[in-house]
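Here's the structure we're looking at; comments come further down.
Numbering (the numbering used here), first residue to last: 10 to 285.
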């Protein structure tokens with residue numbers, strides 16, 4: 010049903026839910042863990058509706074600027090409250106991108122849940138959800154898979170070059186959806202490789218090179234966010250092998266820069282602030 014591979018702990022947690030999903034389930038994990046694919050798997054082809062962040066024109070927008078608006082949640086409520094004896098499933102993807110009004114509307118739905126309905130929420134940043142929503146959902150975190158599982162996944166996708174395998178394993182860091190995309194999409198693999206190279210420059214380059222890098226990124230918000238995500242991968246790897254207070258500080262500063270740029274902050278100002 011899905012090409013994703015799960016860690017043993019995640020596999021066991023999901024298996025326990027397969028026959029009896031709770032009224033509200035929250036799937037969390039790092040970007041690339043495969044949250045939406047897992048949500049689709051759990052619905053067993055009985056999905057009624059998926060709510061995703063959109064732009065102002067109503068087009069799906071998977072960037073940090075996308076928003077789930079109250080209008081979308083009202084449409085979900087109208088559909089979900091219809092009485093039926095059949096089990097129905099609804100997915101709210103990137104649920105943390107609901108605006109405040111939408112979250113309050115969804116909270117009321119959780120407080121008075123319709124019968125025979127299950128909601129599956131996904132979120133890479135669940136702390137952005139209202140505490141009252143978090144208290145009403147069952148939560149499962151999708152862990153990264155092991156290096157052995159990652160190697161097996163690459164073999165299944167016929168990646169035979171040792172150099173490509175090594176690069177993909179580092180880029181994905183145990184995130185199965187990312188690893189699958191790297192294996193299947195050569196253009197994405199090349200872009201990710203460039204991003205990780207530039208991220209190393211951002212973290213370790215000399216002052217002149219870093220400033221030149223910032224100037225090359227300052228007009229492209231999406232690419233800058235991808236750059237910062239690549240830098241976060243490098244820092245996470247460093248934390249797992251040789252943790253230190255300096256690396257923790259760098260991780261915090263990267264997260265701050267990412268959040269501010271995602272919130273439409275000045276790209277050059279935030280990146281310069283990071284390297285100073």
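Glycine included, each C-beta is placed from N, C-alpha and C at the ideal position.
Check, Outcome
"Distance, Cα to Cα, residue 200 vs residue 180?", "11 Å"
"For the ligand ZN, any of its heavy atoms closer than 7 Å to the Cβ of residue 84?", "You won't find the ligand ZN in this model; it holds no ligand whatsoever."
"If you draw a straight line from the alpha carbon of residue 176 to that of residue 59, how long is it in whole angstroms?", "34 Å"
"For residue 103, count the other beta carbons within 10 Å of its own beta carbon; 16 or more makes it buried, fewer makes it exposed. Which is it?", "buried"
"According to DSSP, what are the bridge partners of residue 69?", "63"
"What are the start and end residues of the alpha helix (DSSP H) that includes residue 278?", "276-284"
"Which residues does DSSP pair with residue 144 in a beta bridge?", "Paired residues: none, contrary to the question."
"Exposed or buried, which one is residue 91 when buried takes at least 16 other CB atoms within 10 Å?", "exposed"
"In the DSSP assignment, find the alpha helix (DSSP H) that holds residue 269 and state where it starts and stops.", "254-271"
"Following the continuous alpha helix (DSSP H) through residue 198, name the residue where it begins and the one where it ends.", "195-213"
"Less than 8 Å between the C-beta atoms of residue 184 and residue 135, yes or no?", "no"
"Rounding to the nearest angstrom, what Cα-Cα distance links residue 113 and residue 173 in this structure?", "46 Å"
"Nearest to residue 159 by CA position, among 186, 137, 139 and 277, is which residue?", "186"
"Counting C-beta neighbours from all protein chains within 10 Å, is the total for residue 156 16 or more, i.e. buried, or is it exposed?", "exposed"
"Give the DSSP-derived three-state secondary structure of residue 97 in the structure shown.", "strand"
"Going along the chain, which residues of its own chain have a beta-carbon closer than 8 Å to the beta-carbon of residue 24, five neighbours each way excluded?", "none"
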